[in-house]
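Quick notes on the structure that follows.
Residue numbers (the working numbering), protein chains in the order written: chain A, 4 to 673; chain B, 361 to 612.
Below is the structure:
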């Protein structure tokens with residue numbers, strides 16, 4: 004039973020006024036209490052009439068609610084990938100609905116807008132507009148059922164929508180690694196954890212982490228438990244890791260890549276003597292904000308003839324032990340300039356450690372004139388001598404040294420006509436496995452001015468003159484006024500390995516979902532800190548070509564989720580356009596070693612993420628007619644009592660109103 | 361066989377390293393704007409300064425004093441010394457442009473007023489030159505400038521006369537490209553035929569002369585190391601930050 008009121012506010016206000024005035028006079032009037040009661044009863048009934056009430060008597064019944072069936076019709080729902088048989092996921096949902104006896108009038112399609120009756124044509128909607136489509140539904144529907152794979156965002160639901168997930172079928176392997184989690188990008192020197200869960204038949208599952216095929220860790224984890232490995236990336240660039248689980252003869256590996264960058268280039272700059280080169284190179288390095296530098300210069304040698312008190316000097320003790328033995332491995336590049344190793348008793352122990360630093364991936368820049376050349380020649384460390392790109396022979400002075408670039412990546416970006424230099428040069432013989440970057444001519448012979456050598460994982464560059472500062476002040480002239488900067492930019496890019504990096508690159512990863520991470524670097528080869536690039540891409544292969552929609556994810560990383568695909572080889576193409584107009588196209592082949600499936604489980608995660616509603620039905624588990632079989636409880640209005648339209652109510656009203664008149668007439672007062 | 365070859369290589373290396381390393385000379389020149397101008401350095405004074413710099417701080421000047429004029433190529437010498445007793449002729453437009461280009465490419469100028477006067481005509485000339493070349497005026501250096509600690513700690517009067525406690529400098533592209541010494545740190549070096557100093561240092565005497573030498577060394581050192589000494593205080597902090605970063609696990 005339900006009471007409704009259908010009063011008109013103006014009529015109600017007028018009635019209330021009338022009733023109030025009548026009640027006022029009725030109270031003041033001297034009459035019998037019984038008569039007053041009759042009059043008041045009349046007024047009350049009149050008040051009830053003014054409210055225009057209606058009394059509904061309801062009856063409970065069960066029936067199917069009016070339902071709109073909406074099929075997500077994004078590109079990915081409509082693509083035939085072979086994973087769901089000959090039909091796409093949208094077609095599968097449609098087929099299921101028709102088999103359930105659903106009228107076509109009740110089926111709608113959500114793509115770039117709402118389509119009714121028939122699916123959209125060739126118009127592409129990478130993601131369907133869920134909110135827009137629901138807003139465009141005709142009114143009157145009591146229930147909305149939305150068929151989706153969870154790939155398109157679902158926002159703005161109000162609880163009226165029921166979700167049915169349409170995914171690709173999948174089988175769980177007995178030995179598997181799940182919930183693999185690793186960072187999109189990592190920074191050199193900073194360790195990170197790789198998290199995962201392992202499942203298998205045995206009680207304990209041996210798990211192994213490989214870096215570029217080399218085992219870096221191995222541990223046994225209980226079946227079904229979570230595990231992790233701590234990784235310390237050595238060197239920048241793309242690192243291909245493999246996480247493998249072993250159970251008996253079975254082996255399951257998941258491969259993933261992590262791009263390693265430098266947060267800041269770290270340099271230790273040690274100069275053996277005050278000189279112009281130090282002044283200009285330090286100024287150049289200091290102008291680079293993406294660089295941390297510790298700089299030391301030996302201002303006084305033990306042999307200097309100066310008899311002053313120590314407190315009259317402003318000298319900083321050189322932390323020899325800390326730099327050469329302890330802290331060197333925190334740095335990327337060690338610059339040694341005209342440094343005589345005999346000065347501070349730098350013996351073979353110290354130099355061996357420098358060689359170890361380079362061997363493990365550090366870089367060394369040697370800028371030397373006579374003093375360093377002599378000390379190198381007498382270096383007590385055989386390891387250190389082995390890393391030298393050039394072996395000093397003698398020192399010569401010239402007023403004009405012609406310079407020649409060599410076919411080397413460092414020299415390739417420089418001008419062909421390298422500005423000549425004057426001053427002292429160390430004539431040296433190239434060491435085995437070294438490469439010349441710039442050569443110079445002296446006495447009819449050619450000697451390396453700048454040369455490099457790879458030693459272990461690291462690199463060494465040797466400059467055989469202390470006169471390179473002239474490129475900054477003098478010899479470069481107007482034409483090549485930035486030559487000094489270009490040269491050192493290339494040298495340090497070579498030493499910190501960024502010359503090997505592309506400004507844009509991508510990896511295909513899987514942590515729950517398959518995606519393409521595109522890495523975008525700024526002009527200093529550090530991760531781009533803001534959404535300053537536009538990325539367009541697509542994936543093609545096996546007769547299909549699908550767009551990739553990239554979104555800025557975090558510093559230096561744009562991400563596009565991959566559509567469902569059969570395993571196999573595909574080509575990925577990405578074009579990155581920077582705000583400054585520079586753009587870079589890059590493409591590569593990817594080999595999917597398993598089908599990319601948007602499993603129903605995944606879709607639930609997607610829905611939870613976007614709508615906060617994890618509960619969803621799975622199409623594969625629903626029998627045809629599931630929704631039509633669902634009847635809901637409804638209350639139908641069986642009978643309605645409206646006092647205003649009731650004969651008896653009006654009769655009572657007339658009786659109450661005329662009762663006083665009849666009474667007085669009866670008494671003879673009227 | 362391999363060891364033999366390696367040893368032979370090393371022996372070859374020592375054998376042919378024929379000449380001992382020569383000293384690394386600085387490219388520093390004395391600027392004499394025009395021929396016959398009241399500016400310049402005495403050869404003997406130059407030699408004495410060179411000896412002092414080498415002995416005290418391993419700074420090696422060319423053995424022979426290099427004297428250049430505004431007509432010459434300046435940029436080969438990142439450090440120029442200009443000491444005058446009277447103002448030379450004003451540089452013309454081309455020379456102004458040349459000087460500006462010199463400073464833009466990293467050049468540095470040490471100006472010394474050897475007039476012995478408080479407000480000399482040369483000091484006005486130097487102020488005017490700085491204003492024209494740099495479009496900014498010379499300002500007294502702050503007491504915490506690296507110049508005062510680039511090698512020696514300078515905390516006492518210096519110069520032939522003690523006209524001002526600090527020299528002036530002109531800021532250009534983030535550095536002090538020009539330093540102006542009113543107190544005359546050149547004349548304190550001059551000696552007569554008997555090897556006695558020509559001028560007394562007023563009021564500090566020999567202690568002031570010693571401090572003048574030190575200021576000159578500091579100025580040259582400043583032009584070779586920039587603000588290295590000011591940065592040095594931050595280096596332990598940088599190292600601590602690096603160590604901290606490397607010891608923490610990356611969150612993602």
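Glycine residues also receive a C-beta, built at the ideal position from the N, C-alpha and C atoms.
Proximity test, Cβ basis, 8 Å: residue i and chain B
{"i": "residue 323(A)", "result": "no"}
{"i": "residue 330(A)", "result": "yes"}
{"i": "residue 316(A)", "result": "yes"}
{"i": "residue 276(A)", "result": "yes"}
{"i": "residue 198(A)", "result": "no"}
{"i": "residue 282(A)", "result": "yes"}
{"i": "residue 365(A)", "result": "no"}
{"i": "residue 269(A)", "result": "yes"}
{"i": "residue 477(A)", "result": "yes"}
{"i": "residue 465(A)", "result": "no"}
{"i": "residue 387(A)", "result": "no"}
{"i": "residue 300(A)", "result": "yes"}
{"i": "residue 80(A)", "result": "no"}
{"i": "residue 584(A)", "result": "no"}
DSSP beta-bridge partners of residue i
{"i": "residue 247(A)", "result": "211(A), 256(A)"}
{"i": "residue 233(A)", "result": "196(A)"}
{"i": "residue 367(A)", "result": "337(A), 463(A)"}
{"i": "residue 531(B)", "result": "536(B)"}
{"i": "residue 517(B)", "result": "The partner list for residue 517(B) (beta bridge, DSSP) is empty, contrary to what the question assumes."}
{"i": "residue 158(A)", "result": "Paired residues: none, contrary to the question."}
{"i": "residue 242(A)", "result": "261(A)"}
Close Cβ partners of residue i (< 7 Å) along its chain, the five nearest in sequence each way excluded
{"i": "residue 530(A)", "result": "188, 264, 524, 558, 559"}
{"i": "residue 573(B)", "result": "412"}
{"i": "residue 530(B)", "result": "490, 494, 496, 498, 536, 537, 538"}
{"i": "residue 544(B)", "result": "472, 473, 474, 476, 519, 520, 521"}
{"i": "residue 483(A)", "result": "418, 422"}
{"i": "residue 141(A)", "result": "none"}
Distance CB(residue i)-CB(residue j) smaller than 8 Å
{"i": "residue 550(A)", "j": "residue 103(A)", "result": "no"}
{"i": "residue 57(A)", "j": "residue 107(A)", "result": "no"}
{"i": "residue 516(B)", "j": "residue 481(B)", "result": "no"}
{"i": "residue 367(A)", "j": "residue 357(A)", "result": "yes"}
{"i": "residue 581(B)", "j": "residue 510(B)", "result": "yes"}
{"i": "residue 354(A)", "j": "residue 342(A)", "result": "no"}
{"i": "residue 610(B)", "j": "residue 194(A)", "result": "yes"}
{"i": "residue 637(A)", "j": "residue 146(A)", "result": "no"}
{"i": "residue 380(A)", "j": "residue 395(A)", "result": "yes"}
{"i": "residue 428(A)", "j": "residue 399(A)", "result": "yes"}
{"i": "residue 430(B)", "j": "residue 393(B)", "result": "yes"}
{"i": "residue 300(A)", "j": "residue 281(A)", "result": "yes"}
Neighbour flag for residue i against chain A, beta carbons, 8 Å
{"i": "residue 602(B)", "result": "yes"}
{"i": "residue 525(B)", "result": "no"}
{"i": "residue 438(B)", "result": "yes"}
{"i": "residue 536(B)", "result": "no"}
{"i": "residue 492(B)", "result": "no"}
{"i": "residue 509(B)", "result": "yes"}
{"i": "residue 432(B)", "result": "no"}
Contacting residues, own chain, Cβ-Cβ under 6 Å from residue i (five flanking each side not counted)
{"i": "residue 639(A)", "result": "62, 64"}
{"i": "residue 249(A)", "result": "209"}
{"i": "residue 497(A)", "result": "413"}
{"i": "residue 527(A)", "result": "293"}
Cβ-based neighbour list, residue i, same chain, cut-off 8 Å, excluding 5 preceding and 5 following
{"i": "residue 225(A)", "result": "206, 207, 208"}
{"i": "residue 449(A)", "result": "407, 442, 443"}
{"i": "residue 528(B)", "result": "498, 499, 500, 501, 539, 540, 542"}
heavy atom of the ligand GDP below 7 Å from residue i C-beta
{"i": "residue 31(A)", "result": "In the structure on display, the ligand GDP does not appear, and there are no ligands present to speak of."}
Residues of the stretch 542–555 of chain B with a CB closer than 8 Å to any CB of chain A: list them in chain order, please.
none
Relative to chain B, which residues along the stretch 283–298 of chain A have a C-beta separation below 7 Å, given in chain order?
283, 285, 286, 295, 297, 298
Of all the residues that make up the stretch 393–420 of chain B, which are near chain A by a beta-carbon distance shorter than 7 Å?
415, 416, 417, 418, 419
Would you list, in chain order, the members of the stretch 581–595 of chain B that have their beta-carbon closer than 8 Å to a beta-carbon of chain A?
581, 583, 584, 585, 586, 588, 589, 591, 592, 595
With 7 Å as the limit, tell me which residues of the stretch 462–489 of chain B have their beta carbon closer than that to any beta carbon of chain A; keep them in chain order.
465, 466, 467
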